[in-house]
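Q: Protein chains in written order, with the working numbering: chain E, 245 to 581; chain Z, 245 to 581.
Number of protein chains: 2
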Amino acid sequence: MSKEEYYDFNLELIVKEILRRKAKKVLVQVPDGLKHLFLPHLEELKSRLSNVDFIVSGDPAYGGCFLAEAEAKMLRADLIVHIGHTEYYRSEVPSIYIEAFSKTIASEGLIEELTSYLKDIHAKKVGLCAVLQHLNMIHKVKTILEENGIKVFIGKHGPYTRYNGQIVGCDYVSALSINDDVEAHVIISGGLFHPLGLGLATLRPIVKIDPYENKITDMSSYIQKILKKRYWEIMRSLDAEKFGIIVGFRKGQFRPKIISNIEEIIREKKKTSVRIVMDIVTEERLANLGNFFDAYIITSCPRIPIDNIVKFKKPVLTPGEAHMVLTGKLEKYRFPW
Amino acid sequence: MSKEEYYDFNLELIVKEILRRKAKKVLVQVPDGLKHLFLPHLEELKSRLSNVDFIVSGDPAYGGCFLAEAEAKMLRADLIVHIGHTEYYRSEVPSIYIEAFSKTIASEGLIEELTSYLKDIHAKKVGLCAVLQHLNMIHKVKTILEENGIKVFIGKHGPYTRYNGQIVGCDYVSALSINDDVEAHVIISGGLFHPLGLGLATLRPIVKIDPYENKITDMSSYIQKILKKRYWEIMRSLDAEKFGIIVGFRKGQFRPKIISNIEEIIREKKKTSVRIVMDIVTEERLANLGNFFDAYIITSCPRIPIDNIVKFKKPVLTPGEAHMVLTGKLEKYRFPW
Chain E
245 MSKEEYYDFN
255 LELIVKEILR
265 RKAKKVLVQV
275 PDGLKHLFLP
285 HLEELKSRLS
295 NVDFIVSGDP
305 AYGGCFLAEA
315 EAKMLRADLI
325 VHIGHTEYYR
335 SEVPSIYIEA
345 FSKTIASEGL
355 IEELTSYLKD
365 IHAKKVGLCA
375 VLQHLNMIHK
385 VKTILEENGI
395 KVFIGKHGPY
405 TRYNGQIVGC
415 DYVSALSIND
425 DVEAHVIISG
435 GLFHPLGLGL
445 ATLRPIVKID
455 PYENKITDMS
465 SYIQKILKKR
475 YWEIMRSLDA
485 EKFGIIVGFR
495 KGQFRPKIIS
505 NIEEIIREKK
515 KTSVRIVMDI
525 VTEERLANLG
535 NFFDAYIITS
545 CPRIPIDNIV
555 KFKKPVLTPG
565 EAHMVLTGKL
575 EKYRFPW
Chain Z
245 MSKEEYYDFN
255 LELIVKEILR
265 RKAKKVLVQV
275 PDGLKHLFLP
285 HLEELKSRLS
295 NVDFIVSGDP
305 AYGGCFLAEA
315 EAKMLRADLI
325 VHIGHTEYYR
335 SEVPSIYIEA
345 FSKTIASEGL
355 IEELTSYLKD
365 IHAKKVGLCA
375 VLQHLNMIHK
385 VKTILEENGI
395 KVFIGKHGPY
405 TRYNGQIVGC
415 DYVSALSIND
425 DVEAHVIISG
435 GLFHPLGLGL
445 ATLRPIVKID
455 PYENKITDMS
465 SYIQKILKKR
475 YWEIMRSLDA
485 EKFGIIVGFR
495 KGQFRPKIIS
505 NIEEIIREKK
515 KTSVRIVMDI
525 VTEERLANLG
535 NFFDAYIITS
545 CPRIPIDNIV
555 KFKKPVLTPG
565 EAHMVLTGKL
575 EKYRFPW
């Protein structure tokens, strides 16, 4: 299959919804990794709907939280077609969500390899979850594991996910709801991002089945490494007096309750803070603030402190981490928060 | 003077305007280079106006065009205090502009050095302009040059500037309006950005008097080097068939007329294009679009193709450059457009 065919962009549904809603100006938003795969399909949409004006968002789309509502309003688009995520919040601009399931399916051989590995680590009861793109194979994996005598739990989805067994970067409710029933979690996913989040949230062994790489990986040592880094980051913030509180600009990343909670503790502890609104947090943007702040607390997206590729010079904390720093109470890692 | 004192942030005016307008929630926007210098003053504002809620924008503020209106609306701020630029467009959110004049003034010795240099290059009639931060010394420079027999022209400001003699990255009207009267332009500025724009706009010799570095620099060879690069970029776009038209997200960078002009020529020439809305253009964001486009045309800010620090892999053109590419007509460089 050619690379444009790796994902099912469900053009029929897109065409149907645009016609049904009589949309005239459509803003299309696609996650960074899928943008180049989607663009060739846009040509088909344009030729099938020649009266519709299509505009593509070229900015990042990290999740449903990053819905390009502000852009749609400015451009007076009457529909957002958001690809690759499920709905995160109810937007003011009409929006449809296209799952973009992967057509790369884990082979039976790979699932049998997973079975042996779980037996090796004596995991007889496991949680099973998947990122949206691979949810289409969750039942196949469940069936084969159960045929091999492993008990599989798939939890109910959380507030920011749509399907049972689905997890996103900041919602692991599906795994957490069955965390007490299992000895390990299996995640169908590529990359490090989602398995890491799952590990930080559940604090259990995580085994990844990766359909892209056709590989089974025990993620536990990687997750441990990150946990060590996070506690180091917490430790080096203990003397901080001035906090920069990063406030999200996107509606899905604006969390006023978390902001006021944190500010209240800061006031109680006689420390100071300034609110800083930031769309995308980078080391460059923090560096521009100079040495004024001792540490930053990110209230927008809990993944920013953990996953930034470039190392932040100053301590950059999640609200959960900041809570430990400010109260001085050592706790088990809380994620996401 | 301590570095927080390098610029006059006019706190009295800020306090007066906040009180006069009875603002309760104020979003403060400062250009990247001044952010760390302004932050210590924010403490004073907070203590003098303890009932006012201050939020700082941590995202770039490249110009008045980049006014954080969308952020202010989302945060329900009732006033934007925008520092370091003059008004670019009339915003919906009440906004005040604070000039932030530099307190680093060119010495008389340096201005005399400028005089000798202008005599060396036989420039008897010169245009004089300055970036906003250094406009406070334009009359001193003019006086000393004229005392030395050099005729000095200061042009009327353009649509995106406020003061005569003021230039910004995309408005050189003040220099262009007297371009036919002069043999060279003198600019009071640090850095390369503004002298380069002045050279591209006027195509005359540019001499920079830099109060920060206490130095006179003839910018002409640097400007020539950039012009060569631009014509190379134009040349390597000649076979392009598919254009990505970058549309600005910020109101001050959204130029629908330029977009539709370019699209019309593209249609006439039987080439194709897709509109891509992008807040900040980076090589990373363009690279995420893969190989779908042969070249990009930036309709948001004309400085993006020219000034990006990281080299763009694909050709990235200003509308003026794209016009040459699409019509095949070789013209003198047009900037800004």
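Backbone N, C-alpha and C define an ideal beta-carbon position, used for all residues, glycine too.
Answer yes or no: does any C-beta atom of chain Z fall closer than 8 Å to that of residue 318 (chain E)?
A: By this cut-off, residue 318 (chain E) is an interface position.
Q: Taking residue 357 (chain Z) as the reference, give the member of Z:395, Z:340, Z:461, Z:286 with the closest Cα.
A: Z:461
Q: Give the single residue among E:263, E:281, E:265 whose Cα lies nearest to the Cα of residue 531 (chain Z).
A: E:281
Q: Kindly list, in the order they appear in chain E, the residues whose Cβ is closer than 8 Å to that of residue 284 (chain Z).
A: Among the residues of chain E, those whose CB is under 8 Å from the CB of residue 284 (chain Z) are 536, following chain order.
Q: Excluding the five sequence neighbours on either side, which residues of its own chain have a C-beta within less than 8 Å of the C-beta of residue 543 (chain E), listed in chain order?
A: If we look at residue 543 (chain E) and ignore the five residues flanking it on each side, its Cβ neighbours are 489, 490, 491, 492, 499, 502, 503, 506, 563.
Q: For residue 519 (chain Z), list the residues DSSP reports as bridge partners.
A: E:299, Z:489
Q: When you compare the CB of residue 301 (chain Z) with every CB in chain C, is at least one pair closer than 8 Å?
A: Protein chains E and Z are contained in the structure displayed, whereas chain C is not.
Q: So residue 327 (chain Z) packs on residue 316 (chain Z), CB below 8 Å; how close in whole Å?
A: At roughly 14 Å, the Cβ-Cβ gap does not stay under 8 Å, so residue 327 (chain Z) and residue 316 (chain Z) are not in contact.
Q: Compare the C-beta of residue 498 (chain E) against all C-beta atoms of chain Z and say whether one is closer than 8 Å.
A: yes
Q: Quick check for students: name the residue ranges of the beta strand (DSSP E) that lie wholly in the region 421-445 of chain E, counting only runs of 3 or more.
A: 428-432
Q: So, are the CB atoms of residue 420 (chain E) and residue 445 (chain E) less than 8 Å apart?
A: yes
Q: Of all the CB atoms in chain E, is at least one closer than 8 Å to the CB of residue 280 (chain Z)?
A: yes
Q: Do residue 394 (chain Z) and residue 408 (chain Z) come within 8 Å of each other at the CB atom, strictly closer than that value?
A: no
Q: Counting only Cβ pairs nearer than 9 Å, list the residues of chain Z close to residue 487 (chain E).
A: Within 9 Å Cβ-Cβ: nothing; residue 487 (chain E) doesn't reach chain Z, min ~13 Å.
Q: State whether the region 245-257 of chain Z contacts the region 293-311 of chain Z, with contact taken as three or more CB pairs (one from each stretch) at a distance under 8 Å.
A: no
Q: Terminal residues of the continuous beta strand (DSSP E) containing residue 579 (chain E)?
A: First-last for residue 579 (chain E): undefined, no H or E at that position.
Q: Would you mind giving the Cβ-Cβ distance between residue 331 (chain Z) and residue 495 (chain Z), rounded to the nearest angstrom? I have them listed as a contact below 8 Å.
A: In fact, because the Cβ distance is near 13 Å, the residues do not count as touching under 8 Å.
Q: Within 8 Å of any Cβ in chain Z, is that where the Cβ of residue 479 (chain E) sits?
A: no
Q: In or out: residue 376 (chain Z) buried (at least 16 other Cβ within 10 Å) or exposed?
A: buried
Q: Based on the DSSP secondary-structure assignment, which residues constitute the bridge partners of residue 373 (chain Z)?
A: Z:431
Q: Pull the bridge partners of residue 273 (chain Z) from the DSSP assignment, please.
A: Z:326
Q: To the nearest angstrom, how far is it from the Cα of residue 346 (chain E) to the Cα of residue 380 (chain E)?
A: 8 Å
Q: Would you mind telling me which residues of chain Z sit closer than 8 Å to residue 491 (chain E), beta carbon to beta carbon, in chain order?
A: 299, 319
Q: Go through its chain and collect everything with a Cβ distance to residue 565 (chain Z)'s Cβ below 6 Å, but skip five positions before and after it.
A: 478
Q: Going by DSSP, what residue range makes up the beta strand (DSSP E) through residue 387 (chain Z)?
A: Run containing residue 387 (chain Z): none in the beta strand (DSSP E); it sits in the alpha helix (DSSP H), 382-391.
Q: Distance cutoff 8 Å, beta carbons only. Does residue 566 (chain Z) sit that close to anything in chain E?
A: no
Q: Rounded to the nearest angstrom, how far is the Cβ of residue 450 (chain Z) from that of residue 374 (chain Z), given a contact under 8 Å?
A: That belief does not hold up - the Cβ atoms of residue 450 (chain Z) and residue 374 (chain Z) are roughly 13 Å apart, past 8 Å.
Q: Start and end of the alpha helix (DSSP H) containing residue 466 (chain Z)?
A: 464-479
Q: Can you give me the C-alpha to C-alpha distance between residue 278 (chain E) and residue 252 (chain E), rounded to a whole angstrom?
A: 11 Å
Q: Taking the Cβ atom as the reference point for each residue, do residue 298 (chain E) and residue 289 (chain E) lie within a distance shorter than 8 Å?
A: Result yes, Cβ atoms of residue 298 (chain E) and residue 289 (chain E) sit closer than 8 Å.
Q: Comparing the C-beta of residue 495 (chain Z) with each C-beta of chain E, is any distance below 8 Å?
A: Closer than 8 Å to some Cβ of chain E, the Cβ of residue 495 (chain Z) qualifies, so yes.
Q: Spell out whether any CB of chain E is found under 8 Å from the CB atom of residue 336 (chain Z).
A: no
Q: Give the interface partners of residue 322 (chain E) over in chain Z, defined as CB-CB distance under 9 Å, in chain order.
A: Contact annotation for residue 322 (chain E) against chain Z: no contact, minimum CB-CB distance about 15 Å [criterion: below 9 Å].
Q: Quick one: which chain E residues come within Cβ less than 7 Å of residue 314 (chain Z)?
A: 314, listed in chain order.
Q: Just to confirm the assignment, what range does the beta strand (DSSP E) spanning residue 451 (chain E) have?
A: Per DSSP, residue 451 (chain E) belongs to the beta strand (DSSP E) from 450-454.
Q: Candidates E:525, E:533, E:536, E:487: which alpha carbon is nearest residue 515 (chain E)'s?
A: E:487
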